[in-house]
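Accompanying notes for the structure given below.
Chains as they are written, first to last, in our numbering: chain A, 1 to 279; chain B, 1001 to 1278; chain C, 2001 to 2254.
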């Protein structure tokens, strides 16, 4: 009996350690970042586009807009392609193709983001520069690379969601005279809705948080973009470019940027939980 | 004039197949490019030599060692902590609002952009605690990043074990811990292992955290306090600065092979464990 | 058993940590390789991060030596400052760009964003793709001091890259790009333009004809006797300086 109590204590200790580690980070980020938000004023921090930290200007609007646009662009590319792929692979293709493709997708999901970024610099950026204009390092390049990066995530989770729909539903629909596509559109997709939305939100989270690939292809200029061919700097890129030498208020500003990112992720997760709960 | 659904379906399917083909083309293109340009570089001397001249010549031995070192440290720290926490959360507590909050917290932290962990690790481990750019700083930061993933996957694996198993154990007079070690954990082992393998895979690709905590030293790290660059960081630097394209591709190819190997090992391990315990 | 790294422990200090300027980094690596060849028990780790990062790391003690390619500012003056070389900042364009010369005022106007098209410089019309370094870069700070002056600011529309090598890669691949890098990193794919008629060569840096010259510094909180001191002495010795001069820099010890 004593051994049981001891083991329970040990496990409790491990659990508490985990929780406190996770809490530590959150608290650390907020403790470091909030003073700056208070000092500058939340409105000015979020709504001013003047970022010149060495001179005391801490407005991250340009970067917020860039992050949003790049993520949106990635979703515009990634979601339709990803869903189409998932539907075809889950519903319209033979088992053999599925077993071949699932590991390929996992392999692609594991490829480091810097490799995607590099291939983007070598192949995509010159394409944009020569055929569309601008320096090539641009919002468009960032969105495309991110879109490609989140494809494996969206595809595999969507395939799982679609496969989880019982064949009973499909058989019933076909028995009623519907075509395969009608079945997919009106029966399977709605049934898999929460899983697919989770896939999309996870993809979105990944896009928002990506740093290295974006630094390589997006150009990192500090202006609010006027066209998709303009270079942009996202919130994450900004942190990466400046964290090594930032001190004092500047560093607090980077943590404050971290708070903003953290809040965005929490909102995304809450949305995902809410949607899956409603099912 | 309504279109016959069967004809409409042909168009839709064609469109979807086209999109799928396009997507797969892009994804396959990535693998093929890395393979064609990188595999020729992967020779035993490439793997066993140290990099010279900023990485322009020589091999990537030091980066392989650094990657192994940091990943091992991170997994050694995060696994016991993560699996232990998962066991406690599922077996020793009742499902309530506390556990839900903890789970939500773990989900959020799993989604936090890695650069923020890099910032955190840099400020805390490298600067404040004085570890400097080191395997220790990198391993600790990476462990924090992997912890939520391991907790989540272990929890799911443990929860998937049917409650009947536990009831049978109790009715036979086994204690809680005996139940866990003899029945629950073995059943959950495939899932837990997958989670750990997933984490290893993520560690291999992680750059943002390690560049700022483990640094970018070119030489083979020996002690915990030595700095070292992982393969992903090495690739990033080589590629960005145009130091050596062939070496960059070679590093990428090795990364890709490593991930493939890990996936294969994880899969076969999972198969074997499932056969043994279920 | 564990050797405490980066010389923070007073007991064993066989590891020297140098961090900072990406301009200094390749030269520091060369010097380190040579030094470690002669002293097999010492290990020198070189980190990048930019001049400000290096100075900051030296100040905090995370690095034994900070490498900077700009002068120290007021708040950093309490650090020990060791000049090791002179280097020029080269203004580079793609090898296909026929531009050969720019005046200092022209460079300033370009970087302010007031000259935006190659047509204004006598070339076929096309927007200039302007590249600068991140704010913590020593090269950027030196460039701002030497070219922009106190009033003019680099335009926010310029592309930002975080190392000399990255700037060079972009200029090497984009026919319409313009950037600035350390003189020693110029290679055939990019052309260094003459500034006010003077090309950035070793000679022109040495005799100060080329105007965009800055010092490479090593900074430290203190230089206790030991491997760090030895390494610095090596860098300042004829062998060390000779190595730097062979790589294209101008030594400080004449």
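For each residue, glycine too, the CB sits at the ideal point set by N, CA and C.
The structure presented is a predicted model; accordingly, all values stated were derived computationally and were not measured.
query: At the 9 Å Cβ level, is residue 2017(C) part of the contact set with chain B, yes or no?; result: yes
query: What do you get for residue 1200(B), buried or exposed, if any count of 16 or more other CB atoms within 10 angstroms of its CB means buried?; result: buried
query: Using DSSP with H/G/I as helix, E/B as strand and the rest coil, what is residue 2081(C)?; result: strand
query: Return the first residue and the last residue of the alpha helix (DSSP H) that residue 2167(C) is part of.; result: 2164-2173
query: Count the other C-beta atoms from every protein chain shown that fall within 10 angstroms of the C-beta of residue 2207(C), then say buried if there are 16 or more, exposed otherwise.; result: exposed
query: Just the Cα atoms here: how many angstroms apart are residue 2213(C) and residue 2146(C)?; result: 8 Å
query: Can you tell me whether residue 2231(C) is buried or exposed, with buried defined as 16 or more other CB within 10 angstroms of its CB?; result: buried
query: Please tell me whether residue 1193(B) and residue 1109(B) are closer than 9 Å, where the distance is taken between their beta carbons.; result: no
query: When the cut-off is 9 Å and only beta carbons count, does residue 2127(C) lie next to chain A?; result: yes
query: Rounded to whole angstroms, what is the Cα-Cα separation between residue 272(A) and residue 185(A)?; result: 22 Å
query: I want to verify the contact list: residues of chain A whose CB lies under 8 Å from the CB of residue 1263(B), in sequence order.; result: 103, 106, 107, 110
query: Closest by CA to residue 2046(C), which one among 2059(C), 2060(C), 2037(C), 2031(C)?; result: 2031(C)
query: Terminal residues of the continuous alpha helix (DSSP H) containing residue 1292(B)?; result: With chain B represented from 1001 up to 1278, any question about residue 1292(B) goes unanswered, as that position is not in the structure.
query: In terms of residues, what are the limits of the beta strand (DSSP E) holding residue 2045(C)?; result: 2043-2049
query: Is residue 1031(B) near residue 146(A), with beta carbons less than 9 Å apart?; result: no
query: Output the residue ranges of the alpha helix (DSSP H) runs that lie fully inside the region 129-212 of chain A and measure 4 residues or longer, sorted by chain position.; result: 139-163, 167-175, 180-183, 193-209
query: What's the C-alpha gap between residue 1203(B) and residue 1142(B)?; result: 7 Å
query: In chain order, what residues of the same chain have a beta carbon less than 6 Å from the beta carbon of residue 2022(C), not counting five sequence neighbours either side?; result: 2048, 2163, 2164
query: Within the same chain, show all residues whose beta-carbon is closer than 6 Å to that of residue 1219(B), passing over the 5 residues directly before and after it, in chain order.; result: 1062
query: At a Cβ threshold of 9 Å, is residue 2064(C) touching chain A?; result: no
query: Would you grab the beta carbon distance between residue 1255(B) and residue 1235(B) for me? Rounded to a whole angstrom, and I think it's under 8 Å.; result: 7 Å
query: Any residues in the region 130-148 of chain A with a beta carbon nearer than 9 Å to a beta carbon of chain C? Which ones, in chain order?; result: 133, 134, 135, 136, 137
query: Along the alpha helix (DSSP H) that carries residue 2132(C), what are the first and last residues, could you check?; result: Here residue 2132(C) belongs to no alpha helix (DSSP H); instead the beta strand (DSSP E) covers 2129-2133.
query: Any C-beta of chain B sitting closer than 9 Å to the C-beta of residue 18(A)?; result: yes
query: In whole angstroms, what is the alpha-carbon distance linking residue 1206(B) and residue 63(A)?; result: 23 Å
query: If you compare alpha carbons, which of 276(A), 269(A), 256(A) is closest to residue 27(A)?; result: 256(A)
query: Hey, would you say residue 18(A) sits closer than 9 Å to residue 1111(B), going by beta carbons?; result: no
query: Would you say residue 1218(B) lies against chain F (beta-carbon separation less than 9 Å)?; result: Absent from the structure is chain F; the protein chains it does hold are A, B and C.
query: Find the residues of chain C that neighbour residue 1241(B), judging by a C-beta separation of less than 8 Å, and give them in chain order.; result: 2163, 2164, 2165, 2166, 2168, 2169
query: Is the region 1003-1014 of chain B in contact with the region 45-57 of chain A, if contact means three or more CB pairs nearer than 8 Å?; result: no
query: Where does residue 2009(C) sit, in a helix, a strand or coil, going by DSSP?; result: Note that residue 2009(C) scores a pLDDT of 42, beneath 50, so its modelled location is shaky and nothing firm can be said.
query: Given a cut-off of 9 Å on the beta-carbon distance, is the pair residue 39(A) and residue 48(A) in contact?; result: no
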